[in-house]
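**Q** Numbering (the numbering used here), first residue to last: 380 to 471. The beta-carbon is built from N, C-alpha and C at its ideal position, and this holds for glycine as well. These numbers come from a predicted model, not from an experiment.
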């Protein structure tokens with residue numbers, strides 16, 4: 380699919396680079412602009428997102444070797460790899 384016209388490809392790559400600049404997900408500050416990094420819930424439980432612009436988000440999940448809490452959620456400090464699942468507005 381194509382990105383919406385309000386999302387420049389450079390901004391998408393910038394956000395990916397900003398996430399990659401951290402050694403692990405535990406270092407990414409929660410809810411701090413411009414990333415607004417946060418875990419997702421409901422049908423997207425187990426994934427995380429960061430803001431691109433407006434309501435558009437990069438949705439990703441932990442990948443590689445990492446530890447989990449007893450409830451199955453990732454221990455963010457141990458997540459050093461992620462897989463991008465989608466770029467979307469999931470607020471609809």
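Restricting to Cα atoms, I'd like to know which of 444, 413, 452 is closest to residue 430.
**A** For the purposes of this step, residue 430 is taken as residue 51 along the chain shown, with counting starting at 1. Here the closest residue by C-alpha is 413.
**Q** Measuring straight from C-alpha to C-alpha, what distance separates residue 384 and residue 462?
**A** Within the chain shown, residue 384 is the residue found at index 5, counting from 1. Within the chain shown, residue 462 is the residue found at index 83, counting from 1. Approximately 24 Å, taken between the alpha carbons.
**Q** Exposed or buried, which one is residue 409 when buried takes at least 16 other CB atoms within 10 Å?
**A** On the chain shown, residue 409 is found 30 positions in, with the first residue counted as 1. Result: exposed.
**Q** Helix, strand or coil, according to DSSP, for residue 453 in the structure here?
**A** Translated into positions along the chain shown, residue 453 becomes position 74. Reduced to three states, the DSSP call for residue 453 is strand.
**Q** Starting from the Cα of residue 467, find the closest Cα among 445, 434, 399, 459 and give me that residue.
**A** Here residue 467 refers to the residue found at position 88 when the chain shown is read from its first residue. It is 434.
**Q** Candidates 439, 416, 470, 415: which alpha carbon is nearest residue 426's?
**A** Taking the first residue of the chain shown as position 1, residue 426 is located at position 47. Nearest C-alpha to residue 426: 439.
**Q** Flag this pair as yes or no: are the beta carbons of residue 455 and residue 404 separated by less than 7 Å?
**A** Along the chain shown, one-based indexing puts residue 455 at 76. Along the chain shown, one-based indexing puts residue 404 at 25. Result yes, Cβ atoms of residue 455 and residue 404 sit closer than 7 Å.
**Q** Which residue comes first and which comes last in the alpha helix (DSSP H) that contains residue 398?
**A** As a working mapping, residue 398 is identified with position 19 in the chain shown. 388 to 399 is the span of the alpha helix (DSSP H), which, as asked, contains residue 398.
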